[in-house]
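To start, the structure itself, in structure tokens.
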Amino acid sequence: MAHLPNVQQDISLLRRFIRAVADLPTDPNPQLDAAESNAETLLRRLETPVRIAVTGLSGAGKSSLVNLLLGEELARIGTTEPLPAIVFHHADSATTTAGWWDRPSKDFVGHDLDAALKENPDLISIGVDSPILKSLQLVDVSGLDQPGHDKDAVLALTQLADVLIWCSRADAPLSDDQLRLVKMLPNRLTKNSLLVLTHADGVPEDQLEEAAVEVENHPGAGFLYVAPIATPQAWQAFQGDADDPATLWAESGAPDTLACLMEVATNTRHKEVAKIQRNIAKQIIPFLNQVPMPPEEVAPTPEPVSAIASDVEKPAPEPVLAEPEPEDPVDEATPEVAPTEGQIEISGSAVLLDEWLARLAELHERVDSGEIDENQDFVQGAQEIVSDYLDDLADNDDLPEGLDWLIADYEKANDLMILLQFESSDHTASDAARILAQLTDSLCHV
Ligand SMILES: Nc1nc2c(ncn2[C@@H]2O[C@H](COP(=O)(O)OP(=O)(O)O)[C@@H](O)[C@H]2O)c(=O)[nH]1
Ligand SMILES: [Mg+2]
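Per the working numbering, numbering through the sequence shown is continuous, rising by one, with the last residue being 498.
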């Protein structure tokens, strides 16, 4: 069983550094000031658990799966009404918050979805005292297949998720309409993704295996894992509501699905933490000797992540999430991480621009040859080059110092392009072209 990385030491280092800068008797110099603000950003990223979005077509079984993961019936099942994205996060007591992208949120007492929905929010956060949520956040994203709600759903996916679980009925796995949607989602999500074949109880075993193989070999969809599940049976077993709950639990497919989920979540977190540690080494460590660092805090023992709703005595389910054994903390001074294999070497500023221009030329070539002859195809092609370039930038260890702004520009452009794919106006291609031109302009200033 994979374990989530132990980041207590990194968190402690960043907190001590932030405190040391704040306690300086005089204003910090500009470089130290910038390092402090970098430390705050890195700390926020380390303190945010892996965010897992559960999405797919209406009726696929997203909310049922979310409830199984929570061990509580908190997501609404069987509703066709599109709801805003619902984030389930850890809280010591039950909370509900209606949130908007552009204004302050509003809190409600306890779990009160109806009261929050009446406010017509962009998203709803539900605080649950569930052990799984100490390491993961779950986001139920509906409406992706409902015109008028699709853009909100994609916005939620781009803003609220690190890992994607795509639910697809096992009797209609990855139909064309699903593939069209999957391909529009950000690369950074689809490369950390799990396809769950729901309603597995309605499909014979051999057909299920065929469906899984077909999906695994499907070019372009890019799911890392495929797992079948019969969620109501898993839930029934979890409740102990069967003659032989242990067998029902095993046969429901829940153990494999949950193991795949943990694997994709921990791999994603490891990559993210490695990136943060590289940034700590570059942006924070060189400044440690400029401030009197306060003494090391006594590291709190990490909370064990245990089985779904593990505090409830259940006869059937075996523990799904093993307690994470803290890994050896990375040495403060040398957070060495192996470079990603196969990444394109884009390092010096001239090379950065040349590499970008080469990708633009490829897109141009596709338009010239007639391969791209529609607005939407152009937007998709443009989004793909932005997303690929962004991946290479983000994975590159040899980027010149201080280029976080460039990565942020590309991330923003990528999100905008994804949303453009859901616009139906005639201007989408020219908007995409304008974004490409702005990125080229940004690169000229590196
Ligand atoms: N037989 C069967 N029914 C399921 C399964 N998963 C979900 N359902 C049912 O499918 C319907 C839609 O489920 P829901 O979780 O609301 O789907 P959502 O719209 O994707 O959130 C409900 O009636 C569920 O009980 C499954 O694995 N097998
Ligand atoms: Mg639902």
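Idealized CB from N, CA, C, for every residue including glycine.
In this text, all values refer to a predicted model and were calculated from it rather than measured experimentally.
Boundaries (first-last residue) of the beta strand (DSSP E) holding residue i
{"i": "residue 433", "result": "First-last for residue 433: 427-447, but that is the alpha helix (DSSP H), not the beta strand (DSSP E)."}
{"i": "residue 189", "result": "188-192"}
{"i": "residue 220", "result": "215-221"}
{"i": "residue 149", "result": "147-151"}
{"i": "residue 137", "result": "137-142"}
{"i": "residue 246", "result": "245-250"}
{"i": "residue 265", "result": "Element bounds for residue 265: not the beta strand (DSSP E) but the alpha helix (DSSP H), 257-268."}
{"i": "residue 451", "result": "Premise fails: residue 451 is in no beta strand (DSSP E) and is neither H nor E."}
CB contact flag (residue i, residue j, <9 Å)
{"i": "residue 332", "j": "residue 305", "result": "no"}
{"i": "residue 149", "j": "residue 178", "result": "yes"}
{"i": "residue 498", "j": "residue 458", "result": "yes"}
{"i": "residue 111", "j": "residue 221", "result": "yes"}
{"i": "residue 117", "j": "residue 320", "result": "no"}
{"i": "residue 207", "j": "residue 216", "result": "no"}
{"i": "residue 346", "j": "residue 75", "result": "yes"}
{"i": "residue 94", "j": "residue 336", "result": "yes"}
{"i": "residue 499", "j": "residue 466", "result": "No statement about residue 499 is possible, as the shown extent of the chain runs from 53 to 498 and does not include it."}
{"i": "residue 405", "j": "residue 488", "result": "no"}
{"i": "residue 99", "j": "residue 70", "result": "no"}
{"i": "residue 445", "j": "residue 455", "result": "yes"}
{"i": "residue 240", "j": "residue 188", "result": "no"}
{"i": "residue 186", "j": "residue 251", "result": "no"}
Heavy atom of ligand 1 within 8 Å of residue i beta-carbon
{"i": "residue 109", "result": "yes"}
{"i": "residue 259", "result": "no"}
{"i": "residue 284", "result": "yes"}
{"i": "residue 281", "result": "yes"}
{"i": "residue 93", "result": "no"}
{"i": "residue 250", "result": "yes"}
{"i": "residue 78", "result": "no"}
{"i": "residue 132", "result": "yes"}
{"i": "residue 226", "result": "no"}
{"i": "residue 117", "result": "yes"}
Distance cut-off 8 Å: residue i Cβ against heavy atoms of ligand 2
{"i": "residue 114", "result": "yes"}
{"i": "residue 220", "result": "no"}
{"i": "residue 129", "result": "yes"}
{"i": "residue 166", "result": "no"}
{"i": "residue 192", "result": "yes"}
{"i": "residue 135", "result": "yes"}
Alpha-carbon to alpha-carbon, residue j and residue i
{"i": "residue 275", "j": "residue 246", "result": "5 Å"}
{"i": "residue 289", "j": "residue 135", "result": "28 Å"}
{"i": "residue 172", "j": "residue 204", "result": "12 Å"}
{"i": "residue 230", "j": "residue 152", "result": "28 Å"}
{"i": "residue 242", "j": "residue 105", "result": "11 Å"}
{"i": "residue 55", "j": "residue 318", "result": "6 Å"}
{"i": "residue 348", "j": "residue 65", "result": "8 Å"}
{"i": "residue 502", "j": "residue 417", "result": "Because the chain in this structure spans residues 53 to 498, residue 502 falls outside the shown range and cannot be described."}
{"i": "residue 291", "j": "residue 403", "result": "59 Å"}
{"i": "residue 311", "j": "residue 254", "result": "22 Å"}
{"i": "residue 212", "j": "residue 324", "result": "15 Å"}
{"i": "residue 158", "j": "residue 165", "result": "12 Å"}
{"i": "residue 408", "j": "residue 484", "result": "15 Å"}
{"i": "residue 429", "j": "residue 435", "result": "10 Å"}
{"i": "residue 89", "j": "residue 138", "result": "30 Å"}
{"i": "residue 298", "j": "residue 108", "result": "29 Å"}
{"i": "residue 278", "j": "residue 133", "result": "28 Å"}
{"i": "residue 340", "j": "residue 68", "result": "10 Å"}
{"i": "residue 303", "j": "residue 285", "result": "9 Å"}
{"i": "residue 419", "j": "residue 191", "result": "38 Å"}
{"i": "residue 267", "j": "residue 248", "result": "11 Å"}
{"i": "residue 126", "j": "residue 264", "result": "29 Å"}
{"i": "residue 438", "j": "residue 168", "result": "36 Å"}
{"i": "residue 461", "j": "residue 219", "result": "31 Å"}
{"i": "residue 343", "j": "residue 326", "result": "25 Å"}
{"i": "residue 226", "j": "residue 146", "result": "36 Å"}
Extent of the continuous alpha helix (DSSP H) run through residue i
{"i": "residue 298", "result": "297-303"}
{"i": "residue 457", "result": "456-472"}
{"i": "residue 318", "result": "306-335"}
{"i": "residue 102", "result": "Segment 102-108 is the beta strand (DSSP E) holding residue 102; no alpha helix (DSSP H) there."}
{"i": "residue 279", "result": "Careful: residue 279 lies outside any alpha helix (DSSP H), inside the beta strand (DSSP E) at 277-280."}
{"i": "residue 69", "result": "60-74"}
{"i": "residue 118", "result": "114-122"}
{"i": "residue 498", "result": "Neither: residue 498 is in no alpha helix (DSSP H) and is coded neither H nor E."}
{"i": "residue 168", "result": "165-170"}
{"i": "residue 206", "result": "202-212"}
{"i": "residue 158", "result": "Looking at the DSSP string, residue 158 is not in any alpha helix (DSSP H); the run it does join, the beta strand (DSSP E), is 158-161."}
{"i": "residue 231", "result": "228-236"}
{"i": "residue 95", "result": "82-99"}
{"i": "residue 241", "result": "239-242"}
{"i": "residue 283", "result": "283-290"}
heavy atom of ligand 3 below 8 Å from residue i C-beta
{"i": "residue 253", "result": "Within the structure as shown, ligand 3 is missing, the only ligands being ligand 1 and ligand 2."}
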